[in-house]
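Participant:
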Amino acid sequence: GQQLNQSPQSMFIQEGEDVSMNCTSSSIFNTWLWYKQDPGEGPVLLIALYKAGELTSNGRLTAQFGITRKDSFLNISASIPSDVGIYFCAGKPDGNYQLIWGAGTKLIIKP
Amino acid sequence: NAGVTQTPKFQVLKTGQSMTLQCAQDMNHEYMSWYRQDPGMGLRLIHYSVGAGITDQGEVPNGYNVSRSTTEDFPLRLLSAAPSQTSVYFCASSYSIRGNYAYEQYFGPGTRLTVT
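Chains as they are written, first to last, in the numbering used here: chain A, 653 to 763; chain X, 48 to 163.
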């Protein structure tokens, strides 16, 4: 089946650093979504992207829908302790109305 | 609005037992789905529904049944629990955009199931 490759798998960062993560697919997507999951909770939608090249911000978070329609990027600026958690990308391929999910990027802030 | 609610939050079953995981949403969403989440993996779709009376299989449906008698409720039944079904189960719902479903899903808090 279709798969998303999400990287990195985990990140150790210092508070205040900027963070980047990405997802790539083998097929063309028409929607990219970024979610965050806190421990013991369900995923919460952060940003939704619907057009190739689209760049959308939500506070310190910025996500982009890649021009090739096969990738998406999420950046977090000036990380703070509450940014820890698992970030998931999800995409909707052309011709399919089910979401495909990445395996997640675990963000850990070094003390 | 309560959003998407799930019960129970935790459950331990013995192999062969059956049970129903409850899911309800109060947002009048047409689309509802069940996922399982295992360590190091993304969410995998078990079953979904695009409206009352309509259900379909997802990526990993074996061992699970669903029904959708109302817009609000979408229970997941484990017919004969197996250790391989130990997982965290999430229910999600979504409205339709431009005639398409499964965008911008809203998730419940999850049910943590252990099968011994």
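We put the CB at the ideal spot given by N, CA and C, even for glycine. Small disclaimer: the values here were computed from a predicted structure and weren't measured.
(1) Hey, X:T163 and X:K61 are a contact pair by Cβ (cut 8 Å); roughly how many whole angstroms apart?
(2) What residue range is occupied by the uninterrupted beta strand (DSSP E) comprising A:I665?
(3) Examine chain X for any beta-carbon lying closer than 8 Å to the beta-carbon of A:W681, and answer yes or no.
(4) Grab me the residues of X:T102's own chain with a C-beta within less than 8 Å of its C-beta, minus the 5 sequence neighbours each way, in chain order.
(5) Bridge partners of X:R124, per DSSP?
(6) Is A:N710 near the ligand SAH, with its Cβ less than 7 Å from a heavy atom?
(7) Would a C-beta distance cut-off of 8 Å place X:L126 and X:T67 closer than the cut-off?
(8) Against chain X, with Cβ distances strictly below 8 Å, would A:W686 count as a contact?
(9) Mind checking X:F137: buried by the 16 CB within 10 Å criterion, or exposed?
(10) Decide if A:D690 is buried, meaning its Cβ has at least 16 other Cβ atoms within 10 Å, or exposed.
(11) Checking contacts by CB at 8 Å: is A:L797 closer than that to chain X?
(12) Give me, in chain order, the residues of the same chain whose beta-carbon lies closer than 6 Å to that of X:V107; leave out the 5 immediate sequence neighbours on both sides.
(13) Using a Cβ-Cβ cutoff of less than 6 Å, which residues in the same chain neighbour A:Q666 once the five nearest sequence positions on both sides are dropped?
(14) Name, please, each residue of chain A whose Cβ falls closer than 8 Å to the Cβ of X:P156.
(15) Under 8 Å between beta-carbons, which chain A residues line up against X:G98? List them in chain order, please.
(16) List, in order along the chain, the chain X residues whose C-beta lies closer than 9 Å to that of A:A700?
(17) DSSP three-state call for A:D735: helix, strand or coil?
(18) Under the rule that 16 or more other beta-carbon atoms within 10 Å means buried, what is X:S134, buried or exposed?
(19) What are the start and end residues of each continuous alpha helix (DSSP H) run of 4 or more residues lying completely inside the stretch 685-722 of chain A, in chain order?
(20) Applying a beta-carbon distance threshold of less than 8 Å, which residues of chain X neighbour A:A704?
(21) Is there contact between the stretch 718-729 of chain A and the stretch 747-755 of chain A, where contact requires at least three CB pairs shorter than 8 Å?
(22) Under the rule that 16 or more other beta-carbon atoms within 10 Å means buried, what is X:G89, buried or exposed?
(23) Below 8 Å between beta carbons: does that hold for X:Y78 and X:S131?
Facilitator: To lay it out plainly:
(1) Confirmed, Cβ separation roughly 6 Å.
(2) Counting along the chain, the beta strand (DSSP E) containing A:I665 begins and ends at 662-665.
(3) In the sequence as presented, Trp is not what sits at residue 681 of chain A; that position holds Phe. No, A:F681 lies away from the interface with chain X (no Cβ there is under 8 Å from its Cβ).
(4) If the five residues before and after X:T102 are omitted, its C-beta is found closer than 8 Å to the C-beta atoms of H94, Y95, S96, V113, S114, R115, all from its own chain and listed in chain order.
(5) Per DSSP, X:T67, X:N112.
(6) With respect to the ligand SAH, the structure shown offers nothing to examine, as it has no ligands at all.
(7) Cβ atoms of X:L126 and X:T67: not closer than 8 Å.
(8) False, the Cβ-Cβ gap to chain X never drops below 8 Å.
(9) Buried, since its Cβ has 16 or more Cβ neighbours within 10 Å.
(10) Result: exposed.
(11) Absent from the model: residue 797 of chain A. The displayed extent of chain A is 653 to 763, so no value can be given.
(12) Within the same chain, X:V107 has close Cβ partners R91, I93.
(13) When the five nearest sequence neighbours on each side are left out, the beta carbons in the same chain lying within less than 6 Å of the beta carbon of A:Q666 are those of K762, in order along the chain.
(14) Those within 8 Å of X:P156 in chain A are G692, E693, G694.
(15) In chain order: nothing, as chain A lies at least about 14 Å away.
(16) Ordered by position in chain X, the residues that pass the 9 Å Cβ test against A:A700 are Y150, E151.
(17) Assigned with DSSP and collapsed to three states, A:D735 falls in helix.
(18) Classification for X:S134: buried.
(19) Fully enclosed alpha helix (DSSP H) runs of 4 or longer: not present.
(20) Those within 8 Å of A:A704 in chain X number zero; the least Cβ separation is about 16 Å.
(21) Contact between the stretch 718-729 of chain A and the stretch 747-755 of chain A is absent: fewer than 3 CB-CB pairs across the two stretches fall below 8 Å.
(22) Of the residues assessed, X:G89 falls on the buried side of the cut-off, its CB having 16 or more other CB atoms within 10 angstroms.
(23) No; because the gap between Cβ atoms is not below 8 Å, this pair is not in contact.
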